[in-house]
Structures are given as structure tokens and as C-alpha cells.
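K.L.:
Mapping to my numbering: the sequence shown position 200 is 202, numbers consecutive. Built from N, CA and C at the ideal position, the CB exists for glycine as well. Model, not experiment: these values are computed from the prediction.
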Amino acid sequence: MSAPPIFRLVGERRVSVVRDAAAVWRVFEDDPVGSCMVAARVADHGIDPNSIGGELWTLRGAEESLCFAGANLIPLRGALPDLNAFADEAMSGTRRCSSLVGRADLVMPMWERLEAAWGPARDVRDRQPLLALSSHPNCEIDPGVRQVRPEELDAYLVAAVDMFIGEVGVDPRIGDGGRGYRRRVASLIAAGRAWARFEHGQVVFKAEVGSQSPGVGQIQGVWVHPEWRGLGLGTGGTATVAAVIVGSGRTASLYVNDFNTVARAAYARVGFADVGTFATVLLD
3 MSAPPIFRLV
13 GERRVSVVRD
23 AAAVWRVFED
33 DPVGSCMVAA
43 RVADHGIDPN
53 SIGGELWTLR
63 GAEESLCFAG
73 ANLIPLRGAL
83 PDLNAFADEA
93 MSGTRRCSSL
103 VGRADLVMPM
113 WERLEAAWGP
123 ARDVRDRQPL
133 LALSSHPNCE
143 IDPGVRQVRP
153 EELDAYLVAA
163 VDMFIGEVGV
173 DPRIGDGGRG
183 YRRRVASLIA
193 AGRAWARFEH
203 GQVVFKAEVG
213 SQSPGVGQIQ
223 GVWVHPEWRG
233 LGLGTGGTAT
243 VAAVIVGSGR
253 TASLYVNDFN
263 TVARAAYARV
273 GFADVGTFAT
283 VLLD
């Protein structure tokens, strides 16, 4: 028998913190690509809020309604009453998250309810194709792309910061001088999940497996040095990382801004197929 949920009152709704790990995993298994970011945390640390850096909320039981609330707010399942309840719970205290991310049909209704209290957003990206690849890439991989070594952190960090500023619009070094971001990047390198091509000590292509669940590896932070763009490095480099993920028995996945036609064309050449739509709301 699973442990009883911990209930909190939100208006007339009862939002609870999930304690049924088996039910959570059934949700993940039903949508392995869409749930990868949260499934990766739970696979490593279980569902205890102190271990995963956030809470898993539900209104009607995890298999009917589920949302992760931590540094990101990630709705995973629910109808409009569930999403409204999650939004109300998020607004009931100090905001902890810096973004909303997940399937667009879940994120955008939540944001409609949250916007009056939390808006305006720094950026709303309401159409981000969610892509997946479960077979070997259709194009050649780049043999020059390899795992980054710990002693290459400083060189890799230059590219990572440039990518982050270009993608998110904020310098990740603000606030703590970059110590937190450096630790995050260093941990990905130590885990063997940061990949790059170096030319004369400089990173010209980079990508990370940002989240890795038992069944999916989600690629993030794809970047090509401006002076090396248009040469196919993005296609070949992404194919290399995807091939490693697929070779591990996982599905390779990523999501991309719909307006980034160059990246979308590159991913299509690799063999990625559209499996849904994500949305991201970036908050100040």
C-alpha cells in the first residue's frame, strides 16, 4: 500500500505532495520523452522533495494530475482544473522557479493563470517542436566530437556561457560570479555528458545531455562557434551525441524554438522526428 499523500488547502482545492513513486513512474512511462527532465531527477534521487530539489504535486492522484515544482515549474499531466490548482499553489507562496517548461498544452494554460501575478514574462516561447530519435542517425557523425575532459572546463565554459546568453538572454554568471553555473557545467563534464569539438584549444561545437532518464537522453546547449557556422558542424556534432544516446539503449530527444529554421533543418538531417510541442516561459 502506498503512503498517504500530504494535503494542503488551496482555495477550495486540495493539492497534495505525491508519495506514490510507482504511480509517478507510470506517468513517466506513458510519456518518456516529455517527462525526461523530471524522470531523470526521480531516477537518481527518488521522489522525496529534499532529494530532488522540488515537490511533485497532484490534485486527483499522480496518474491523473502531476506537476514538478522546483527551480522549474513542469506540468506533466492534468486537465484545466488541475493546472489551475497547480498555478494557485505556486502563487500561494514566494516564487521559487525561474521558468515554466513542458508540453505546450499544459504550460500555456498554467501561464494564463499565473501571468497576472508573475508577469510579464521575460520571454514566452509557446511553440517549441519536441523531437526524438530512436535509431542511428541518418547522417554521418563527426569523429572530432568527443567527451569533454575535466581539465578542459575553462575552455568549455567560455562556449557554454556564450551559448547561454544567446539562448536565454541572461548571463549565467550574474549573482554569484558564475560559481553555480561553473559547478553545473563541471558536473556534466564529470558525468561524461558534455561533448565538444576543439580546434586549437577552442570549442567550435558543443552540446550536453542535460537530462538522462532510464529511457531518454535529452540533448541541450547545442552551439556552434560563429566563425564555424555553415560548415555542417551542428548536424554532425548533434548526430554524434544522438548516436551515443541511442547506442546506450535510450531515445535521443531535444526541443527547439520553432523560429530557428537552421537548427530545425539540421536536426531533420540527423533524423529527428516531431513528437509533440513544448513551451517555455522565462521569468525574471
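Report yes if the CB atom of Ala209 is closer than 8 Å to the CB atom of Val224, and no otherwise.
P.N.:
Result yes, Cβ atoms of Ala209 and Val224 sit closer than 8 Å.
K.L.:
In angstroms, rounded to a whole number, what distance separates the CA positions of Phe274 and Thr240?
P.N.:
If you take the alpha carbons of Phe274 and Thr240, they lie about 10 Å apart.
K.L.:
Which of the three DSSP states is assigned to Glu210 in this structure?
P.N.:
Correct three-state label for Glu210: strand.
K.L.:
Count the other CB atoms, across all protein chains shown, that sit within 10 Å of the CB of Arg151; report buried if there are 16 or more and exposed otherwise.
P.N.:
It counts as exposed.
K.L.:
Comparing alpha-carbon positions, which option in Ala73, Glu91, Arg115 and Trp120 lies nearest Ser100?
P.N.:
Measuring from the Cα of Ser100, the nearest candidate turns out to be Ala73.
K.L.:
At the level of alpha carbons, what is the spacing between Thr36 and Ala71?
P.N.:
The question names Thr, yet the displayed sequence has Gly at residue 36. When rounded, the distance between both Cα atoms is 16 Å.
K.L.:
Where Trp197 and Arg148 are concerned, what is the direct C-alpha to C-alpha distance, given to the nearest angstrom?
P.N.:
When rounded, the distance between both Cα atoms is 5 Å.
K.L.:
Along the chain, where does the alpha helix (DSSP H) that runs through Trp113 open and close?
P.N.:
Residues Ala106 to Trp120.
K.L.:
Here's the rule I'm using: 16 or more other beta-carbon atoms within 10 Å means buried, otherwise exposed. How should Glu229 be labelled?
P.N.:
Glu229 should be labelled exposed.
K.L.:
What residues in its chain sit with their C-beta under 7 Å from that of Ala245, if we drop five residues either side in the sequence?
P.N.:
Cβ neighbours of Ala245 beyond the five flanking positions: His138, Pro139 and Ile143.
K.L.:
On the criterion of 16 or more Cβ atoms from any shown chain inside 10 Å, does Ser215 qualify as buried, or is it exposed?
P.N.:
By the 10 Å Cβ count, Ser215 comes out buried.
K.L.:
Taking DSSP as the reference, what is the three-state secondary structure of Phe166?
P.N.:
It is helical.
K.L.:
Relative to the C-alpha of Val218, which residue among Val170, Val29, Ala157 and Met39 is closest?
P.N.:
The shortest Cα separation from Val218 among Val170, Val29, Ala157 and Met39 belongs to Met39.
K.L.:
What are the boundary residues of the beta strand (DSSP E) that includes Asn74?
P.N.:
Residues Asn74 to Arg79.
K.L.:
Give me the residue from Asp90, Asp156 and Asp32 with the minimum Cα distance to Gly203.
P.N.:
If we check each option's Cα against that of Gly203, Asp156 comes out closest.
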